[in-house]
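Asks: Here it is, the structure, as structure tokens.
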Amino acid sequence: MTGKHVAVLMGGFSSERPVSLSSGTACADALEGEGYRVTRIDVDRDIASVLADLKPDVVFNALHGPFGEDGTIQGLLEYLQIPYTHSGVLASALAMDKEQAKIVASAAGIPVAEARVMDRHDFGSDHPIKPPYVVKPVREGSSFGVVMVKEDQSHPPQIVTSSEWRYGDRVMVERYVHGREFTCGVMGDTALGVTEVIPQGHAFYDYDSKYVKGGSKHVIPADVLPNIYQKIQTLAVKAHQAIGCRGVSRSDFRFDDRFSEDGEIIWLEINTQPGMTPTSLVPEMAVHAGHTFGKFLTWIVEDASCLR
27 MTGKHVAVLM GGFSSERPVS LSSGTACADA LEGEGYRVTR IDVDRDIASV LADLKPDVVF
87 NALHGPFGED GTIQGLLEYL QIPYTHSGVL ASALAMDKEQ AKIVASAAGI PVAEARVMDR
147 HDFGSDHPIK PPYVVKPVRE GSSFGVVMVK EDQSHPPQIV TSSEWRYGDR VMVERYVHGR
207 EFTCGVMGDT ALGVTEVIPQ GHAFYDYDSK YVKGGSKHVI PADVLPNIYQ KIQTLAVKAH
267 QAIGCRGVSR SDFRFDDRFS EDGEIIWLEI NTQPGMTPTS LVPEMAVHAG HTFGKFLTWI
327 VEDASCLR
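Letter by letter, the sequence shown follows residues 27 to 334 in my numbering.
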């Protein structure tokens, strides 16, 4: 029994609030089971004063999306000098910005898909790049705002320029990569297993595929040639290190093997705050590697620090 006081930050006010509440609750319950003294905090604008009064030994960051995942809360925790989990200010900000993350990853020799970043209002009647392509908000997670444009679509997606769009004005237009979806977690500087994600009844790994029970099938270890499996693990660690991540991260990939068994592996993005819900990928990878959920979280807590 450690007796260490852990404040679990969850909820918040991004689009990913429901996911964060689910992650935070699961983590708080498991950490209590490991002997930690846990305070659950549904984050609001007064979080600095709440933490200053509470004075926890460690903050477990279970927030997702803007504010919780983009370096903002990390900077506040640095200011308060409270050790915290996951990545620090710079890595969190870099990873959350898809444009900057791709620049860093590409410079490190990690294969990425060709893309163009533009203002959504500049979409006209012509496609910005040759379809098929994917439109992604530059600074969102959990596939919020992701739009797939098929090869036979005659015009750009109208939702991107509509008043209903609420994911920011800067978007990335990225070449669609055919093939299978793989993901790989990193714990410290060690790759966990590679999982193939197969959406069930969805065109791609969208929000419902990620968080609704039965929305996707997770195959771990992925049924793929050993050299491809190992290459994905190597690239995941390389991305973790290039971005400057700490603790746990997860990189997502596409693998197009239509023309050869070695195919094309493309790194899509890195997630510095992987979900910790019952259907989340990284906890499954940790269990596959021999860690219980509680012991996995204990490792994350004991890894916490400032100046990350």
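Beta carbons: idealized from backbone N, C-alpha and C, even for Gly.
Can at least three beta-carbon pairs, one atom from the stretch 78-85 and one from the stretch 51-61, be found at a separation below 8 Å?
Replies: No: the two stretches stay apart, fewer than three of their Cβ pairs being nearer than 8 Å.
Asks: Exposed or buried, VAL136, counting other C-beta atoms within 10 Å across all chains shown (16 or more means buried)?
Replies: In the sequence as displayed, the identity of residue 136 is Ile instead of Val. That one is buried.
Asks: Does DSSP classify PHE319 as helix, strand or coil?
Replies: Note: PHE319 maps to helix in three-state DSSP.
Asks: To the nearest angstrom, report how far apart ASP234 and THR305 are at their CA atoms.
Replies: With a pLDDT of 47 at ASP234, under the threshold of 50, the modelled position of this residue cannot be trusted; read the value that follows with caution. Each residue's alpha carbon lies about 11 Å from the other.
Asks: Out of curiosity, what's the CA-to-CA distance linking ALA312 and HIS147?
Replies: Between ALA312 and HIS147, the C-alpha separation is close to 42 Å.
Asks: Alpha carbon to alpha carbon, how far is VAL203 from THR98?
Replies: Whole-angstrom Cα-Cα distance: 32 Å.
Asks: What's the gap between the Cα of PRO163 and the Cα of TRP191?
Replies: Between PRO163 and TRP191, the C-alpha separation is close to 10 Å.
Asks: Just grab the DSSP bridge partners of ILE224 for me.
Replies: Answer by DSSP bridge pairing, in chain order: LYS243.
Asks: Mind checking TYR159: buried by the 16 CB within 10 Å criterion, or exposed?
Replies: So TYR159 ends up on the buried side.
Asks: Is there contact here, the stretch 205-213 with the stretch 246-262, by at least three beta-carbon pairs under 8 Å?
Replies: Yes, they touch.
Asks: Taking just the CA atoms, how far does ARG201 sit from GLY346?
Replies: Limits of the chain in this structure are 27 at one end and 334 at the other, which puts residue 346 out of reach.
Asks: Tell me whether the stretch 55-73 and the stretch 29-42 touch, counting them as touching only if at least three CB pairs, one residue from each stretch, are closer than 8 Å.
Replies: Cβ pair count under 8 Å is three or more, so yes.
Asks: For the alpha helix (DSSP H) that contains LEU333, what are its first and last residues?
Replies: Element bounds for LEU333: n/a, residue is neither H nor E.
Asks: On a CA-only basis, which of GLY38, ARG280, VAL175, GLN107 is nearest HIS90? Give me that one, please.
Replies: Cα-wise, what sits closest to HIS90 is GLY38.
Asks: Would you mind working out which of PHE93, LEU218, ILE292, TYR62 sits nearest SER40, comparing C-alpha positions?
Replies: If we check each option's Cα against that of SER40, PHE93 comes out closest.
Asks: Would a C-beta distance cut-off of 8 Å place ALA139 and ALA265 closer than the cut-off?
Replies: No, they are not a contact pair.
Asks: Would you give the residue range spanned by the alpha helix (DSSP H) that MET302 belongs to?
Replies: Neither: MET302 is in no alpha helix (DSSP H) and is coded neither H nor E.
Asks: Whole angstroms are fine: how far does the CA of ASP282 sit from the CA of LEU103?
Replies: If you take the alpha carbons of LEU103 and ASP282, they lie about 41 Å apart.
Asks: Can you give the Cα-Cα distance for GLU290 and ARG280, rounded to whole angstroms?
Replies: Near 8 Å, if we compare the C-alpha coordinates of ARG280 and GLU290.
Asks: Between which two residues does the alpha helix (DSSP H) containing ARG43 stretch?
Replies: Counting along the chain, the alpha helix (DSSP H) containing ARG43 begins and ends at 43-59.
Asks: In whole angstroms, give me the CA-to-CA distance for GLU328 and GLY50.
Replies: Spanning the two alpha carbons is a distance of roughly 17 Å.
Asks: Answer yes or no: do HIS112 and ARG272 have a C-beta to C-beta separation smaller than 8 Å?
Replies: In this structure, ARG272 lies closer than 8 Å to HIS112 by Cβ.
Asks: From the DSSP output, which residues share a beta bridge with GLU190?
Replies: In DSSP, GLU190 forms no bridge with anything.
Asks: Measuring alpha carbon to alpha carbon, tell me which of GLN226, ASP178, SER180, GLY171 ends up nearest VAL186.
Replies: It is GLY171.
Asks: Whole angstroms are fine: how far does the CA of ILE224 sit from the CA of ALA88?
Replies: Those two C-alpha atoms are separated by around 25 Å.
Asks: So, helix, strand or coil for TYR202, using DSSP?
Replies: Here TYR202 sits in coil by DSSP.
Asks: Using alpha carbons as the reference points, say which of HIS153, ARG71, VAL76, PRO109 lies closest to PHE86.
Replies: Closest option to PHE86, Cα to Cα, is PRO109.
Asks: Apart from the five residues just before and just after LEU106, which ones in its own chain have a Cβ nearer than 8 Å to its Cβ?
Replies: Hits under 8 Å: ALA74, LEU77, ALA78.
Asks: Could you tell me whether the Cβ atoms of ILE246 and GLU310 are closer together than 8 Å?
Replies: Yes.
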